[in-house]
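Just add 324 to wherever you are in the sequence shown, counting from 1, and you've got our numbering.
Where is the CB? At the ideal position from N, CA and C, for every residue including glycine.
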Amino acid sequence: MSEPIICRWQALPWLVAHEAAVESLETTLDLNLTTCTVALSAEGVQLPDGTLVLWDAVREVADHDTGCFSVNTDGTLERAYIFSPTTRRAVSLWGQPEGAPTVLVAGFPMHRTKRTDPWQDTQNKIAACQPVSGRVLDTCMGLGYTAICAAKTAAQVTVIELDAGVEAMATKNPWSEPLFSKANITRKNGDAFALVKEMPDAVFDLIIHDPPTLQLAGDLYSGAFYREAFRVLSRRGRLFHYIGDPNSRHGATVTRGVVKRLHESGFVAVTTAADAYGVVAWKEKPRR
325 MSEPIICRWQ ALPWLVAHEA AVESLETTLD LNLTTCTVAL SAEGVQLPDG TLVLWDAVRE
385 VADHDTGCFS VNTDGTLERA YIFSPTTRRA VSLWGQPEGA PTVLVAGFPM HRTKRTDPWQ
445 DTQNKIAACQ PVSGRVLDTC MGLGYTAICA AKTAAQVTVI ELDAGVEAMA TKNPWSEPLF
505 SKANITRKNG DAFALVKEMP DAVFDLIIHD PPTLQLAGDL YSGAFYREAF RVLSRRGRLF
565 HYIGDPNSRH GATVTRGVVK RLHESGFVAV TTAADAYGVV AWKEKPRR
């Protein structure tokens, strides 16, 4: 396991258990991926490798609503946060009560967290894309959950990430480890619009397009981008486009504009994928 990483959802139960004079506790040191047992003493929390995290440090984590903290070998903490050199935006890892963490970019969470968790959110997107096979392009890597899930059945997944700060958070996130170890995932750094323009025609069977909000990445919602996506898809290829809650006023407005521009860009069929908060667009009319 990489260095332990914790957030308030671990620290709060530790403090409650300490007040109750509990001497050991089952917890997680990789943001809900696995569990282990830690020992509680008057000084602090002793991790399985012997590292002691003092109670003052535990209280610091418990008081932070959104921060995740790596635990150094001497028991000191380091927040999983960076001011991105690429976008000049704050980027941080945000742990959840259950399931996988998300990443905050300029204060915006890059996954759904209400009534779901980021990993389940990803499963919904993958379900909307079925079958996920052949050559897949993931235009906006984030923490890599989409690429990781797609790579379970796809022959090859190419994933793009613009923000060096987001990629730095992925290296700290235990859930993102397969992104850097799976042989059928190829990572590319740069602007998705520019990189897709350089790609050959008909090279992908599926594009999973999960851009940041319209306010942060308006060009990735443009007709010009959709035309490039259409070009690099194979004849029977399709595009899944995450948009946001179609039942909200803003989501419904954005969805209408996206569907219109997808049709104008050559896609012959566009259907909603309500559970995945997106739409699926086909290059060629799908067979029944």
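By how many angstroms is the C-alpha of ALA553 removed from the C-alpha of GLU522?
11 Å
Since LEU401 contacts GLU422 with CB under 8 Å, what's their CB separation in whole angstroms?
So it is not a contact: roughly 22 Å between Cβ atoms.
Span separating the alpha-carbon of THR410 from that of GLU347:
45 Å
Boundaries (first-last residue) of the alpha helix (DSSP H) holding VAL584
Sequence check: residue 584 is Lys here, not Val. LYS584 -> alpha helix (DSSP H) spans 573–588.
With 16 as the cutoff for other CB atoms within 10 Å, does PHE549 come out buried or exposed?
buried
Please go through the same chain and pick out, in chain order, the residues whose beta-carbon is closer than 6 Å to the beta-carbon of GLU327, but skip the five residues on each side of it.
SER394
Going along the chain, which unbroken runs of the alpha helix (DSSP H) with 4 or more residues stay wholly within the stretch 491–562?
501–505, 516–521 and 547–556
Could you tell me the boundaries of the beta strand (DSSP E) in which LEU486 lies?
It is not in any beta strand (DSSP E) - LEU486 carries neither H nor E in the DSSP assignment.
Report the rounded CA-to-CA distance for ASP487 versus GLY391, giving the unit in angstroms.
19 Å
Which of the three DSSP states, helix, strand or coil, is assigned to VAL456?
coil
Do you know offhand how far THR359's Cα is from THR351's?
5 Å
When the Cα of LYS293 is compared with those of ALA605, ASP569 and CYS331, which residue comes out closest?
Outside the shown range of the chain, which is 325 to 612, sits residue 293, and nothing can be said about it.
On the criterion of 16 or more Cβ atoms from any shown chain inside 10 Å, does GLY335 qualify as buried, or is it exposed?
Correcting the residue type first, residue 335 is Ala in the shown sequence and not Gly. The residue in question, ALA335, is buried, as its Cβ has 16 or more Cβ neighbours within 10 Å.
Span separating the alpha-carbon of ASP398 from that of ALA366:
17 Å
Distance, Cα to Cα, ASP354 vs GLU608?
43 Å
Could you pull the DSSP bridge partners for TRP606 from this structure?
ARG562 and ALA593
Using CA coordinates, which residue listed in ALA363, VAL382, ALA381 and GLY431 is at the minimum distance from ASP373?
ALA363
Can you give the Cα-Cα distance for ASP441 and MET434, rounded to whole angstroms?
11 Å
Minimum C-alpha distance to ALA381 - residue among LEU349, PHE407 and ILE330
ILE330
Beta-carbon contacts of THR482 that lie in its chain and below 6 Å, excluding the five residues immediately before and after:
LEU461 and THR510
Figure out for me which residue from ASP599, PRO337 and VAL603 has the closest Cα to the Cα of GLN444.
ASP599
ALA516 and ILE567 - do their beta-carbons sit closer together than 9 Å?
no
Can the beta-carbon of ASP387 be found less than 9 Å from the beta-carbon of LYS449?
no
Rounded to whole angstroms, what is the Cα-Cα separation between ALA451 and GLY602?
12 Å
Where ARG573 falls, given that 16 or more other Cβ within 10 Å makes a residue buried
exposed
Where ALA478 falls, given that 16 or more other Cβ within 10 Å makes a residue buried:
buried
Just the Cα atoms here: how many angstroms apart are TRP418 and ARG562?
32 Å
Is GLN420 buried or exposed, if buried means 16 or more other CB atoms sit within 10 Å of its CB?
buried
I need the boundaries of the alpha helix (DSSP H) containing GLU350, first residue and last residue.
Where GLU350 is concerned, there is no enclosing alpha helix (DSSP H), although the beta strand (DSSP E) it sits in stretches over 348–351.
Kindly indicate the opening and closing residues of the alpha helix (DSSP H) around GLU343.
332–343
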